[in-house]
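Going down the list, the sequences are from chains A and B.
Position one of the first sequence corresponds to residue 1 (the numbering used here), numbered consecutively onward.
Position one of the second sequence corresponds to residue 1001 (the numbering used here), numbered consecutively onward.
We treat Cβ as the ideally placed atom computed from N, Cα and C, and that holds for glycine.
Quick caveat, the model's predicted, so the values are computed rather than measured.
Some notes on the structure that comes next.
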Amino acid sequence: MSRVTEFLFRRKGGKGWHWTDIVTWVWLVVGLFVMFGPAVWLTASSFKSPAALAEFPPTILPYVTQKVTVEGYDKPLDLYTATLEDGSTATLAEVRRIGTVSQMVDPKKPTEIVKVNIAKRAPVREMSFATENYTEPFTHFDFVRYLWNSVFVTVTATLITLVVNSMAAFALSKYEFRGRTFAMLLILATLMVPLSVIMVPLYSIVSALGLFNNLWGVILPTVATPTGVFILRQYMLTIPDELLDAARMDKASEWQIYWRIILPLTAPALAVLAIFSVVWRWNDFLWPLIVLSRKELYTLQVGLSIYSGELNVQWHFILAMTVVTMIPVVLVFLFLQRFITTGIAGTGLK
Amino acid sequence: MADITRQTSESRTSQSLGEAAMMPVRLAMGVIDAPLRWVQKTFGLGGMAAFFLLPNMLIFGIFVLLPFFINFAYSMTGGSALFLSDRTFVGADQYTRLFDCSNYLAPNTCAEDTFWTAVGNTGWFVILQVTLMIAVSLITALILNRNLMARSFWRAVFFFPVLLSPVVVGLIWKWILQRQGLLNFGLYGFGFDPHVWLNDRNWAFAATVGVSIWAHMGFYTLIILAGLQAIPKDLYEAAEMDGTRAMRVFSRITLPLLMPNLLVVIVLVLIRAVQIFDEVYVLTGGGPGTSTLFVTQYIYETGFAAQLRNPGLAAAASILMGLVLVVLTLMQLGLSRSRDKKGARK
């Protein structure tokens, strides 16, 4: 045993533990719980029934009190393990509670009522996943609609983002023309104009174009992202011009050069931009909240925030819907996290 | 053997399937090509460059530049009408109304008291959040920069919340901070009574700071980490040979060499902190009262959500916020330029 601990705690170069090592591991382990814990807790809670959600102290796993249908009673009764006066224990169903006394019956002998002090009984509980939290929103709310709207906005906006920005990046990296620096500066300047500064006039423009309460009103203002142009332009600058010249010799048109040569060669940068764009558009909140006021047009994010702000918050549904909203992002995290982190470290852009 | 042939034929069918899916795209590209060849012949390469830029510039122009300029016009009009042509010119009235205040530190003496409350809240938020965010991200980056087992795993751990949507972040923490939540459960174990954290002005404000740090620190940690990894390793080796203490290595090598990067990150955090909205809106909705009302929410509510909406006033407030952001962005550009120059000299 001591061999094992010795191996586990052995340090490089045979040196002992420094205080910085201890700080490091405490920080990392606490970080692990703080970063993942909340999302895990939310997911665990999303499988609980409304009654279990209202309990305090809460349990980590979803438990429900077992119920039993007893002859002569309309509703199913809660099951308890009760300690009887003679010291023996029995599994009884509670009929009603008066003060501190609980009137119970044995499910097998439904006519005989036993009185038990409430301190001497404990509910019979079993683990049960409330999957109806997930299935019911699909029928009760317009959840499928929201899901579809979010998917539509995300996919369409990402496709347009890729095309529009790669075209602009191509022009800005492979052509010499008057006003190129101006165009670059213009795009750079838009970094200074976030949505929160221009939302009032943008709203009037979108309305004037007839895009208020229209998913295209959510999509179009977001697709020309300066970040996208930058990532793609930097990448295209590394493609040698000789390649383009060779294609021109072979009578390729400029459009063919863009489509057949530049785009395939820019695939890695396009992939990074696509991942970013999917996460951005899926997560967008303020702008869809402004543009979409009709329920059937809400995206998942807007729908969730509206429902969670209602007076009687139905947390069991909200939690399940939140988990569903998280799924695509968690998938991106699991499989594509590496691309994003290198993308951020490389460009410093989010 | 049979397995291999089946596999290859499978991959061949999937390939041809992919090709079949690409067919309409190919066709469309071919159809587009003919008129574009004509454009190229008539207007030359310059014309093609314009063509490639056009969609992007059009969208930029309509959805970013145009609103940017008419924002000024909006801020000088009054009434609740939406379109500029229906609005009445009021000059600088909206600005005078915003600045009509006998004591800027006491919002209740102002004509637009919610605006000044929001400004005050945002000021406090920025000071607290930026300081703590930089401290936490820097410590995490320093730790991740050490010789760690499974470093990319640990880096991913701190990055996870960055990808979550603000709405999800807000709901996760609303759920944890509520009465039957995880925090009260944890404290209950130590014998504390449950507390409704988000109904308490100070705790709600602290929660907005903490939650926004939780959600975004992974992003800044990554940038600082990239800066740390750019510091030459031989400096640390030399320090180790001299037996320099860890704190001294940090203050004499790491911090000075990281400083240019760190300044850029600080301004970046500042820019984001000034605009804080989404996760707070879901978490507290600006409450209790106006204790977590920030400037972006003020603009949103004045312009869109209030009973008597006032787009002119919202536009004026957004221009004031825009001014702050422009100053910060210029600072950032200057800093990154001087950082890159310093890097080039080395």
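Environment of residue i [buried if 16+ CB atoms lie within 10 Å]
| i | result |
| --- | --- |
| A/P57 | exposed |
| B/L1105 | exposed |
| B/G1227 | buried |
| B/D1100 | exposed |
| A/I306 | exposed |
| A/L185 | exposed |
| B/G1286 | buried |
| A/L71 | Just to set this straight, residue 71 of chain A is Glu in the shown sequence, not Leu. Classification of A/E71: exposed, given that the 10 Å Cβ count is below 16. |
| B/I1276 | buried |
| A/K174 | buried |
| B/A1135 | exposed |
| B/P1035 | exposed |
Pairwise C-alpha distance: residue j and residue i
| i | j | result |
| --- | --- | --- |
| B/S1085 | B/F1072 | 14 angstroms |
| B/L1323 | B/D1093 | 18 angstroms |
| A/M326 | B/V1168 | 7 angstroms |
| A/V197 | B/A1315 | 8 angstroms |
| B/A1246 | B/L1142 | 12 angstroms |
| A/Y146 | A/T111 | 52 angstroms |
| B/T1042 | B/L1054 | 17 angstroms |
| B/T1139 | B/A1150 | This sequence places Ile at residue 1139 of chain B; Thr is not what is there. Using only the alpha carbons, I get a separation of about 18 angstroms. |
| A/G99 | A/W19 | 58 angstroms |
| B/Q1129 | A/P288 | 27 angstroms |
| B/R1201 | B/L1177 | 13 angstroms |
| B/V1326 | A/Y235 | 28 angstroms |
| A/D352 | B/Y1220 | Outside the displayed span of chain A (1 to 350) sits residue 352 of chain A, for which this structure offers no information. |
| A/L243 | A/M249 | 10 angstroms |
| B/I1032 | A/E136 | 47 angstroms |
| A/A247 | B/P1024 | 24 angstroms |
| B/F1185 | B/P1194 | 8 angstroms |
| A/N165 | A/F335 | 25 angstroms |
| A/I205 | A/V26 | 52 angstroms |
Closest Cα partner of residue i within the set the options
| i | options | result |
| --- | --- | --- |
| B/S1165 | A/V197, A/L243, A/W282, A/Q337 | A/W282 |
| B/E1279 | B/W1173, B/A1028, B/G1312, B/Q1180 | B/W1173 |
| A/A269 | A/Y307, A/T227, A/Q256, A/E310 | A/T227 |
| A/D78 | A/V68, A/D250, A/E85 | A/V68 |
| B/F1083 | B/T1117, B/I1070, B/T1109 | B/I1070 |
| B/S1338 | B/T1284, B/V1264, B/E1112, B/G1286 | B/V1264 |
| B/S1318 | B/G1186, B/Y1074, B/T1131, B/N1184 | B/Y1074 |
| A/T161 | A/W27, A/S45, A/V272 | A/V272 |
| A/A267 | A/L334, A/V324, A/V163, A/L188 | A/V163 |
| A/T65 | A/A122, A/V278, A/T299, A/F47 | A/A122 |
| A/V40 | A/V330, A/W216, A/E254, A/W148 | A/V330 |
| B/S997 | B/G1334, B/L1308, B/L1335, B/S1336 | Nothing in the structure corresponds to residue 997 of chain B, since chain B is present only between 1001 and 1346. |
| A/D241 | A/I257, A/V229, A/I231, A/F230 | A/I257 |
| A/T238 | A/V30, A/L172, A/V206 | A/L172 |
| B/I1127 | B/F1205, B/A1215, B/P1256, B/T1096 | B/F1205 |
| B/A1306 | B/E1240, B/P1256, B/T1114, B/S1336 | B/T1114 |
| A/V313 | A/I22, A/L32, A/F36, A/L53 | A/L53 |
Distance CB(residue i)-CB(residue j) smaller than 8 angstroms
| i | j | result |
| --- | --- | --- |
| A/V370 | A/V105 | Nothing in the structure corresponds to residue 370 of chain A, since chain A is present only between 1 and 350. |
| B/F987 | B/L1222 | Residue 987 of chain B is absent from the model: chain B starts at 1001 and stops at 1346. |
| A/T322 | A/L304 | yes |
| B/I1059 | A/A224 | yes |
| B/Q1332 | B/I1253 | no |
| A/A320 | A/R233 | no |
| B/L1320 | B/T1302 | no |
| A/K120 | A/A82 | yes |
| A/V95 | A/I113 | yes |
| B/L1144 | B/L1225 | yes |
| B/Q1297 | B/A1118 | yes |
| B/T1329 | A/L202 | no |
| B/L1283 | B/A1207 | yes |
| A/S308 | B/L1182 | no |
| A/K251 | A/D142 | no |
Within chain C, the residues that residue i reaches when beta carbons sit closer than 7 angstroms
| i | result |
| --- | --- |
| B/A1135 | Of the protein chains in the structure, A and B, none is chain C. |
query = Between the region 199-219 of chain A and chain B, which residues of the former have CB atoms less than 9 angstroms from a CB of the latter, in chain order?
reply = Identification of residues in the region 199-219 of chain A having a C-beta nearer than 9 angstroms to some C-beta of chain B yields M199, V200, P201, L202, Y203, S204, I205, V206, S207, A208, L209, given in sequence order.
request  = Taking a Cβ distance cut-off of 8 angstroms, strictly less, list which residues of the region 237-259 of chain A are near chain B, in chain order.
outcome  = From the region 237-259 of chain A, only S253, E254, W255, Q256, Y258, W259 have a Cβ closer than 8 angstroms to chain B.
query = Can you list, in chain order, the residues of the region 182-195 of chain A whose Cβ is nearer than 9 angstroms to any Cβ on chain B?
reply = When CB distances to chain B are screened at a threshold of 9 angstroms, the residues of the region 182-195 of chain A falling below it are A183, L186, I187, L188, A189, T190, L191, M192, V193, P194, L195, in chain order.
query = Mind listing which residues of the region 1254-1275 of chain B have their C-beta closer than 7 angstroms to chain A's C-betas, in chain order?
reply = Within the region 1254-1275 of chain B, Q1275 place their CB atoms closer than 7 angstroms to a CB of chain A, listed in sequence order.
key: Members of the region 1298-1326 of chain B that neighbour chain A once the beta carbon cut-off is set at 8 angstroms   = I1299, Y1300, G1303, F1304, P1311, A1314, A1315, S1318, I1319, M1321, G1322, L1325, V1326
inquiry  = Tell me which residues of the region 330-342 of chain A have at least one Cβ-Cβ distance to chain B shorter than 7 angstroms, keeping chain order.
reply    = V332, F333, Q337, T341
task = May I ask you to list, following chain order, the residues of the region 92-110 of chain A that have a beta carbon less than 8 angstroms from some beta carbon of chain B?
result = none
inquiry  = Closer than 9 angstroms between beta carbons: that is the criterion. Which residues of the region 278-304 of chain A meet it against chain B?
reply    = V279, W282, N283, D284, F285, L286, L289, I290, L300, Q301, V302, L304
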